[in-house]
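Here is the structure we will look at.
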Amino acid sequence: MSTPPTADQDKTSIQVIERMVSLLDALALQPDPVSLKELAATTGLHPSTAHRILNDLVIKRLVDRSDHGTYRLGMRLLELGNVVKSRLNVRDAALDLMRELHRKTDQAVSLSVRQNDEIIYVERAFSERSGMQVVRAVGGHAPLHLTSTGKLFLSVDESKAVQGYARRTGLSGHNHNSITTLDKLEAELDRVRTLGYARDNEELELGVRCMAAGIHDDSGKLIAGLSISAPADRLQDAWLDDLIATAHQISIALGYNGHPSGKSRQ
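Quick note: the sequence shown uses the working numbering, first residue 969, plus one each step.
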């Protein structure tokens, strides 16, 4: 039967971990390989202590040591980082925050991703109290140019890509509010780029208006849109700040370190 660790042993283990992390943090701050002397000075560790911990980190490939005795972060950290990234799921990161936004607004909140020339709804937070029938269930799809989230994705495309989209789809509309010409679409996308968020003014469904903010991954790529949908006479611009802040919180959870996308409330 093994003997449980004592309090002193627990304290020693924690100290070792803290010193290891301090060395990794010190290496992360430097673009070039760092000497043992520099690392000891930066972390406040005795050189012999720093050397002993670095040796263990080298063995585990968390740190690389050059022939000149300098150190840099090891490839094992990249491997572990890629594992973490692969397990990050935008739906998992978004769900609780979507529910919170729904509680604030009492309106339907949707999470959508792009699939070719359409958006796909991957999650929804809503209740019957919103007074609006959910017209697109989870798994449903809609054209990019008729939806607020779709416009976000088109706004990050180059002009030739937008033109190609227009040719492929013919920019068909659902009603008299739908954008059905390339000139109008390009003007709308310019507005989206300026404001940092997008709107759907009854372009997909009469009586329903939406606004969307973008969700970005750790590389800054737009990977999803978060939108609020409401009866046309009930959508409030006052919700924009919460919408943009929520989309930014989800992005942060996915590793994004940029600024929120919303720039104006016009």
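Even for Gly, the Cβ is constructed at its ideal location relative to N, Cα and C.
Bear in mind the structure is a predicted one, so any value in this text is a computation, not a measurement.
In terms of residues, what are the limits of the beta strand (DSSP E) holding residue i?
| i | result |
| --- | --- |
| G1193 | L1190 to P1199 |
| R1029 | Careful: R1029 lies outside any beta strand (DSSP E) and carries neither H nor E. |
| L1079 | A1076 to Q1083 |
DSSP state of residue i, grouped into three classes?
| i | result |
| --- | --- |
| Y1039 | strand |
| L1172 | coil |
| R1233 | At R1233 the pLDDT is 47, less than 50, meaning the model places this residue with poor confidence and gives no usable figure here. |
| Y1089 | strand |
| A1181 | strand |
| V933 | Since the first and last residues shown for the chain are 969 and 1234, residue 933 lies out of range. |
On a Cα-Cα basis, can you pick out the residue from the options that is closest to residue i?
| i | options | result |
| --- | --- | --- |
| I1147 | K1028, V1124, R1161 and E1173 | E1173 |
| G1107 | K1119, I1088 and S1123 | I1088 |
| T1149 | H1113, E1126 and A1129 | H1113 |
| G1175 | Y1165, P1199 and E1156 | P1199 |
Under the rule that 16 or more other beta-carbon atoms within 10 Å means buried, what is residue i, buried or exposed?
| i | result |
| --- | --- |
| R1020 | exposed |
| R1136 | exposed |
| R1082 | buried |
| P999 | exposed |
| E1091 | buried |
| M969 | Its pLDDT being 49, under 50, M969 is placed unreliably in this model, and the coordinates cannot settle the point. |
| K1119 | buried |
| V1051 | exposed |
| A996 | exposed |
Which stretch, first to last residue, makes up the alpha helix (DSSP H) that contains residue i?
| i | result |
| --- | --- |
| R1067 | V1058 to T1073 |
| L1203 | No alpha helix (DSSP H) contains L1203, which DSSP labels as neither H nor E. |
| V1160 | L1150 to L1163 |
| V1130 | S1127 to T1137 |
Our contact map puts residue i next to residue j with C-beta atoms below 8 angstroms; I'd like the distance itself, whole angstroms only.
| i | j | result |
| --- | --- | --- |
| F1121 | L1190 | 6 angstroms |
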